[in-house]
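Numbering (this note's numbering), first residue to last: 80 to 155. Positions of the beta carbon are idealized from the N, C-alpha and C atoms, including for glycine.
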């Protein structure tokens, strides 16, 4: 029963075209730390809207959000 409760406390979302689960009230910052994604030179888009880095800690992931993490690559 305790395992069922743990599952119920999680929400589903899409990260870079892959279904994922995370605890309710998790922030974008927590997500990238858990996924060990380097914070430098990335942009995060949620439901086709770019979320400024200054908002990552306060932005809560919601059920069925579609999240894309994009790495900027310089070149010339």
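With 16 other Cβ atoms within 10 Å as the buried cut-off, status of residue 140: buried
Bounding residues of the alpha helix (DSSP H) (the contiguous stretch that carries residue 132): Counting along the chain, residue 132 falls outside any alpha helix (DSSP H), and DSSP gives it neither H nor E.
Three-pair Cβ contact test at 8 Å for the stretch 135-153 versus the stretch 103-121: yes
Nearest candidate by alpha-carbon position, reference residue 90, set 149, 143, 128, 113: 143
Beta-carbon proximity check, residue 145 vs residue 101, cutoff 9 Å: no
Residue 74 - partner residues in DSSP beta bridges: Nothing can be reported for residue 74, as the shown portion of the chain is limited to 80 through 155.
Beta-carbon proximity check, residue 150 vs residue 130, cutoff 9 Å: no
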